[in-house]
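These notes concern the structure reproduced below.
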Amino acid sequence: MRAEIENIVDEIKQAISLLRRHLDWDQAVRRLDWLNNKAEDPNLWNDAQEAQKLMRERQQLDESINGVRAIEQQLKDNIELIELGEEEGDADIVKDAEDALKAVKVEAARKQVEAMLSGEADTNDTYLEVHSGAGGTESQDWANMLLRMYTRWAERSGYKVELLEIHDGEEAGIKSATLLVKGHNAYGWLKTESGVHRLVRISPYDSNARRHTSFSSIWVYPVIDDSITIDINESDCRIDTYRSSGAGGQHVNTTDSAVRITHIPSGIVVACQQERSQHKNRAKAWDMLRARLYEAELKKREEAANAEAASKSDIGWGHQIRSYVLQPYQLVKDLRTGVESTAPSDVLDGELNEFMEAALAHRVNGGADAVVDDLG
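Numbering (the UniProt record's numbering), first residue to last: 1 to 376.
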């Protein structure tokens with residue numbers, strides 16, 4: 001076996017060892033067995049809330065344990081294939097198995113980062129808001145590009161995505177939009193994306209083909225379940241209704257079904273226009289507001305709160321977390337971790353895992369932001 005492949009095998013084994021230790025493997029397996037038996041108890045659903053909690057724990061443990069077992073099996077199978085190929089002098093078998101091991105290494109690294117998602121709300125579904133900055137059509141078009149980027153990332157990652165509200169720009173793009181991303185660890189993966197994102201490109205809206213810089217912000221906050229109580233005084237809120245907007249289709253109608261709620265003490269504003277019914281939109285908007293207030297409380301309790309403060313600041317220079325340069329060269333650079341990509345088209349098509357993994361590891365390890373020069 002080549003030295004490079006031996007190193008990859010060692011890295012995978014190390015990752016498996018870390019994952020087992022993080023899970024407290026023997027205890028986790030016993031707990032899963034108990035939960036599987038509990039699931040067959042006909043009295044379990046007498047307490048629906050407790051049953052849902054146990055079933056969520058069961059699903060999460062099952063995914064974690066089976067994920068490690070799958071990596072172990074793939075490692076074993078491909079090592080055997082390499083040995084077989086070398087014995088028979090079949091270079092194609094060896095090459096295929098080596099490529100498979102490289103893919104296993106990537107998956108094992110992803111599982112390691114995912115194992116660090118142990119925050120209070122990391123496993124929850126999440127809301128993701130996009131807001132255009134100053135700059136009119138340029139920033140609104142950039143906001144629309146970001147909306148597509150996160151939708152593509154979520155779909156590629158196996159998450160379900162719902163568009164809850166969208167406000168179109170005057171000429172192109174969007175002023176704002178809110179996504180609901182559903183799936184295990186949705187908030188955990190996306191939470192480090194909150195902040196200002198900067199785009200540099202030759203403007204398609206400038207007849208003189210000049211280079212423009214645009215800013216848009218992303219705000220991520222977790223969906224909260226019924227076990228978390230957030231008290232809101234309705235007298236502290238202003239509720240507005242308006243007509244849904246968008247490109248057409250079932251989400252657009254001629255009645256004032258869309259709902260916007262402003263929480264006056266905090267200044268938090270949420271909106272929903274997904275449903276035809278104003279009543280349903282109102283209920284969803286209240287859920288979103290409770291989630292925003294809960295997320296604000298989480299931020300107070302996290303050591304990383306100061307690092308997140310920039311995402312609440314002005315959408316402009318000095319507050320960006322990532323720069324995307326399309327002209328005069330091609331480069332995406334994260335200003336917290338220093339991670340770069342020379343394929344911005346791939347990043348804008350949803351290939352964000354490298355950036356997310358670095359930001360999560362950086363945050364979990366408690367490191368200060370890297371000293372990274374911004375792009376010109």
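Ideal placement from N, C-alpha and C gives every residue a C-beta, glycine not left out.
Which residue's Cα is closest to the Cα of R156: D349, R110 and E357? Between R156 and the set D349, R110 and E357, the nearest pair of CA atoms involves D349.
Secondary structure of S64, DSSP reduced to three states: Helix.
Can you tell me whether G158 is buried or exposed, with buried defined as 16 or more other CB within 10 angstroms of its CB? Taking a 10 Å sphere around the C-beta of G158, we find fewer than 16 other C-beta atoms and assign the residue as exposed.
Excluding five sequence neighbours on each side, which residues of the same chain lie with their C-beta closer than 8 Å to the C-beta of V347? Within the same chain, Cβ atoms closer than 8 Å to the Cβ of V347 are found at M149, Y324, V332, S341 and F355, the five residues on either side in sequence being excluded.
Flag this pair as touching only if the region 26-35 and the region 118-138 have three or more C-beta atom pairs under 8 Å; answer yes or no. By the Cβ criterion, the region 26-35 is not in contact with the region 118-138, since fewer than three pairs of Cβ atoms, one from each stretch, lie closer than 8 Å.
Segment limits, beta strand (DSSP E) that includes R210: R210: not part of any beta strand (DSSP E); DSSP gives it neither H nor E.
What's the call for V106, buried or exposed, on a 16-neighbour Cβ count within 10 Å? Exposed.
Count the CB pairs spanning the region 100-119 and the region 18-27 that are closer than 8 Å, and state whether there are at least three. Verdict: yes, contact present.
Restricting to Cα atoms, I'd like to know which of S235, A154, P204 and S216 is closest to A186. Nearest C-alpha to A186: A154.
Hey, could you find the ends of the alpha helix (DSSP H) K191 is sitting in? Per DSSP, K191 is not a residue of any alpha helix (DSSP H), being assigned neither H nor E.
Rounded to whole angstroms, what's the CA-CA distance from I321 to D41? Just pull it up for me. The alpha-carbon of I321 is positioned some 49 Å away from that of D41.
Provide the residue span of the beta strand (DSSP E) that contains L128, from first to last. Taken as a continuous stretch (DSSP letters only), the beta strand (DSSP E) holding L128 covers T126 to S132.
Please name the residue, chosen from C272, D92, A143 and V161, that lies closest to I218 on a Cα-to-Cα basis. Checked all of C272, D92, A143 and V161; the closest Cα to I218 is A143.
Run of the alpha helix (DSSP H) containing I93, from where it starts to where it stops: Annotation for I93: the continuous alpha helix (DSSP H) segment containing it runs A91 to A115.
Own chain partners of L293 with C-beta closer than 6 Å, once the 5 adjacent residues on each side are dropped: Excluding sequence neighbours, L293 sits near I230.
Is it right to say W45 is buried, meaning 16 or more other beta carbons lie within 10 angstroms of its own, or is it exposed? Counting other Cβ atoms within 10 Å of its Cβ, W45 stays below 16 and is therefore classed as exposed.
May I have the straight-line CA-CA distance separating W25 from W286, to the nearest angstrom? Distance from the CA atom of W25 to the CA atom of W286, rounded to whole angstroms, is 40 Å.
Output the boundary residues of the beta strand (DSSP E) element that contains N271. The sequence shown places Ala at residue 271, not Asn. DSSP places A271 inside the beta strand (DSSP E), whose first and last residues are I268 to C272.
Own chain, CB closer than 6 Å to R198, minus 5 neighbours either side, in chain order: Excluding positions up to five away in sequence, the list reads F215, Q320 and S323.
Could you name each continuous alpha helix (DSSP H) segment of 4 residues or more that falls completely within the region 24-65, going from the start of the chain to the end? As far as the region 24-65 is concerned, its whole alpha helix (DSSP H) runs of at least 4 residues are 25-39.
Assigned exposure category for D334 - 16 Cβ within 10 Å defines buried: The C-beta of D334 has 16 or more other C-beta atoms within 10 Å across all chains shown, which makes the residue buried.
Three-way DSSP call (helix, strand, coil) for H263 in this model: The answer is strand: DSSP assigns H263 an E or B state.
Residue(s) in a DSSP beta bridge with L360: None; L360 has no bridge partner.
Assuming contact is defined by CB atoms lying nearer than 7 Å, are Y221 and E295 in contact in what I supplied? Yes.
Using a Cβ-Cβ cutoff of less than 6 Å, which residues in the same chain neighbour I268 once the five nearest sequence positions on both sides are dropped? Cβ neighbours of I268 beyond the five flanking positions: R292.
Helix, strand or coil, according to DSSP, for R282 in the structure here? Reduced to three states, the DSSP call for R282 is helix.
Is V339 helix, strand or coil when you go by DSSP? Three-state result, V339: coil.
What residue range is occupied by the uninterrupted alpha helix (DSSP H) comprising Y150? Note, Y150: alpha helix (DSSP H), T137 to R156.
L101 to I5 span [Cα, whole Å]: If I take the Cα positions, the gap works out to 8 Å.
Taking its Cβ as the centre, do 16 or more other Cβ atoms sit within 10 Å of H362, making it buried, or is it exposed? Per the 10 Å Cβ criterion, buried.
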